[in-house]
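Enquirer: Just dropping this structure here.
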Amino acid sequence: MSSGRTKLMGMLMRPKRSKLKGYQKQDPPRRWNIVRGDTVQVIDRKHPEFGKQGKVQVVIREKMRVIIENVNLAPKHIPADPMRGTKAETIMAERSIHYSNVNLVDPVSGFPTKIRYNYLEDGTKVRISKRSGAIIPKPQLWKQPQLTNLIASEDSDTIKAEDVWAETFEERPSKWEAMRQELLRTMEEKETKMGGGGDASA
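Under my numbering, the sequence shown has 940 at position 143, and the numbering climbs by one with no breaks.
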């Protein structure tokens with residue numbers, strides 16, 4: 798059997814990547830125990846940020862990932878924006894971490910813990926730490942809408958409403974247009990001199 802046919806048979810007999818261990822699509826959690834503003838800790842021992850704690854800034858439920866403040870930092874290039882007058886720069890920004898790699902931090906012991914849910918006497922549903930039995934209240938931040946891709950500017954020279962609609966664009970003539978006008982002017986002067994010299998000779 799030729800090498801090409803052997804390679805083709807190997808490709809056909811190879812199992813699909815989705816059936817291999819590590820490529821199985823995980824089902825989303827039945828209940829989201831972590832919300833924005835919670836203090837969590839990275840529990841995956843293979844992760845380079847193992848053991849670090851921080852507050853959750855963003856929860857991406859579609860991808861089952863969270864972004865934690867000052868955790869899993871990596872360089873991020875920001876391109877220049879001539880319209881805003883900013884230059885290109887490289888900053889350190891947080892990268893997302895999978896939801897299963899973090900756990901809530903127990904408020905009493907300060908260690909990561911799993912939780913269970915219970916009801917208070919007034920019927921309020923609360924999160925209970927399995928490590929210490931303490932209540933882990935949800936922060937008020939998670940109730941506020943998540944604002945993303947907003948550009949805020951603190952510096953503004955516009956005070957009056959009519960200044961907003963004022964035309965501030967100044968059209969500048971092109972360098973090639975100026976050279977063209979200069980060339981036409983020179984040609985007209987030469988034609989005028991040639992015409993004047995012809996009349997004097999006559």
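Glycine residues also receive a C-beta, built at the ideal position from the N, C-alpha and C atoms.
Predicted model only: the values in this text are computed from it and were never measured.
#1: Helix, strand or coil for residue 931? Go by DSSP, reduced to three states.
#2: Measure from the alpha carbon of residue 905 to the alpha carbon of each residue in 985, 884, 927, 920, then state which is nearest.
#3: Just to confirm, is the Cβ distance from residue 898 to residue 855 under 7 Å?
#4: Where do the N-terminal and C-terminal ends of the beta strand (DSSP E) with residue 870 fall, by residue?
#5: Please work out which residues of its chain come closer than 7 Å, Cβ to Cβ, to residue 862, disregarding the five sequence neighbours upstream and downstream, and give them in chain order.
#6: Below 8 Å on the Cβ atoms is my guess for residue 833 versus residue 917; work out the distance and round it to an integer in Å.
#7: Quick one: using the 10 Å Cβ neighbour count with 16 as the cut-off for buried, is residue 924 buried or exposed?
#8: Can you tell me which of 936, 978, 973 puts its alpha carbon nearest to the alpha carbon of residue 852?
#9: Would you kindly check if the distance between the Cβ of residue 910 and the Cβ of residue 903 is under 7 Å?
#10: So, with DSSP's three-state summary, where would you put residue 890?
#11: Give me whichever residues DSSP pairs with residue 851 in a beta bridge.
#12: Using only CA atoms, which one of 869, 912, 828 lies nearest to residue 844?
Expert: Walking through what the data contain:
#1: Counting from one through the sequence shown, the residue named residue 931 turns up at place 134. It is coil, neither helix nor strand.
#2: Sequence index remark: in the sequence shown, residue 905 carries index 108 (1-based). For residue 905, the nearest C-alpha among the options comes from 927.
#3: By one-based count along the sequence shown, residue 898 stands at place 101. By one-based count along the sequence shown, residue 855 stands at place 58. In this structure, residue 855 does not lie closer than 7 Å to residue 898 by Cβ.
#4: Position 73 of the sequence shown, counted from the start, is the residue given in the question as residue 870. Unbroken beta strand (DSSP E) run through residue 870: 870-875.
#5: Reading the sequence shown from its first residue, position 65 is the one you call residue 862. For residue 862, where only same-chain residues beyond five positions count, the Cβ hits under 7 Å are 893, 894, 895, 896.
#6: Along the sequence shown, one-based indexing puts residue 833 at 36. Along the sequence shown, one-based indexing puts residue 917 at 120. Contact flag wrong, Cβ pair sits at about 23 Å.
#7: For this step, residue 924 is matched to residue 127 along the sequence shown. So residue 924 counts as buried.
#8: The sequence position of residue 852 within the sequence shown is 55, counting from 1. Minimum Cα distance to residue 852 is reached at 936.
#9: Here residue 903 refers to the residue found at position 106 when the sequence shown is read from its first residue. Here residue 910 refers to the residue found at position 113 when the sequence shown is read from its first residue. For residue 903 and residue 910, yes; Cβs fall inside 7 Å.
#10: Residue 890 sits at position 93 when you count from the first residue of the sequence shown. In this structure, residue 890 counts as strand in the three-state DSSP scheme.
#11: The count along the sequence shown starts at 1 and reaches residue 851 at position 54. In the DSSP output, where bridge partners are listed per residue, residue 851 has 837.
#12: Here residue 844 corresponds to residue number 47 of the sequence shown, with the count starting at 1. With distances taken between Cα atoms, residue 844 lies closest to 869.
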